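S.K.: One structure is given below, represented as structure tokens, and several questions about it will come after.
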């Protein structure tokens, strides 16, 4: 069982609200990721970080922002939520060991619904 | 275009039966291929990982195969259990961990009936 946590697990909010999805891991992993997943669809990378003070945008354009002030914490923020942001958000981490087979460990996800 | 295609999209089997899920990819260069299991409402959990030189990998009742020449992989589940009901996702990496990008399939939704 991976030691990576996400809160809240479910969130229903109104349009225009600012929200922050929390992700934390206790494995000391350098690399962390945020994915967006719609039902029956593949995961899309929206943000990633290779360490403290390192953040990059992923393949899927997203209006969200992230920060990495501490190794274990990688929060994602939406300044003004819209119904198009309704989705499942998955956080993951992996060890930057330089091997070709590093495995990403996923959190349980946050199901976001914007009304 | 780098892609990962999985089939079937969904599958229903009876408890105790075997099944095989397919994954075809066009990702190049190729570094490794993973199979993940994702229970409903949960994050994916890694089942197996294979590099270019490996053509089979087992994890309990799960056995993955890889044919790097034809760019195909399969996940065989033996003696299915109700707890096997989940989405199984094929993920291909195009390089080593530091620079590699992951390409995700859409998954096969497996339902095991009693």
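Chains as they are written, first to last, in our numbering: chain G, 220 to 334; chain L, 15 to 128. Where a beta carbon is used, it is the ideal one built from N, C-alpha and C, also for glycine. Keep in mind it's a predicted model, so treat the numbers as computed, not measured.
Taking contact to mean 3 or more Cβ pairs, one atom from each stretch, closer than 8 Å, check whether the stretch 238-255 of chain G and the stretch 273-292 of chain G are in contact.
M.R.: Yes, the stretch 238-255 of chain G touches the stretch 273-292 of chain G.
S.K.: In chain L, which residues lie with their C-beta within 9 Å of the C-beta of residue 322 (chain G)?
M.R.: 48, 60, 63, listed in chain order.
S.K.: Whole angstroms are fine: how far does the CA of residue 240 (chain G) sit from the CA of residue 302 (chain G)?
M.R.: Spanning the two alpha carbons is a distance of roughly 16 Å.
S.K.: CA-CA distance, residue 52 (chain L) and residue 290 (chain G)?
M.R.: Distance between the alpha carbons of residue 52 (chain L) and residue 290 (chain G): 26 Å.
S.K.: Is residue 16 (chain L) near residue 42 (chain L), with beta carbons less than 9 Å apart?
M.R.: Contact flag set, yes.
S.K.: Go to residue 100 (chain L), then tell me how far its beta strand (DSSP E) extends in each direction, as first and last residue.
M.R.: Where residue 100 (chain L) is concerned, the enclosing beta strand (DSSP E) stretches over 100-107.
S.K.: For residue 244 (chain G), which of G:270, G:229, G:230, G:259 has the nearest alpha-carbon?
M.R.: When only C-alpha atoms are compared, the closest one is G:270.
S.K.: Could you run through the stretch 113-127 of chain L and flag, in chain order, every residue whose CB is less than 9 Å away from some CB of chain G?
M.R.: Listed in sequence order: 114, 115, 116, 117, 118, 119, 120, 121, 123.
S.K.: Go through the stretch 29-115 of chain L residue by residue and report every complete run of the beta strand (DSSP E) that reaches 3 residues or more, in order.
M.R.: DSSP runs (the beta strand (DSSP E)) wholly in the stretch 29-115 of chain L: 33-39, 46-52, 59-65, 70-73, 76-81, 86-91, 100-107.
S.K.: When DSSP labels each residue in this structure, what does residue 304 (chain G) get in the three-state scheme?
M.R.: Residue state, collapsed to three classes: helix.
S.K.: For residue 327 (chain G), which residues in the same chain have their Cβ closer than 7 Å to its Cβ, ignoring the five residues on either side in sequence?
M.R.: Excluding positions up to five away in sequence, the list reads 225, 228.
S.K.: Less than 8 Å between the CB atoms is what I'm expecting for residue 94 (chain L) and residue 33 (chain L), so what's the real figure, rounded?
M.R.: About 6 Å separates the two Cβ atoms, so the contact holds.
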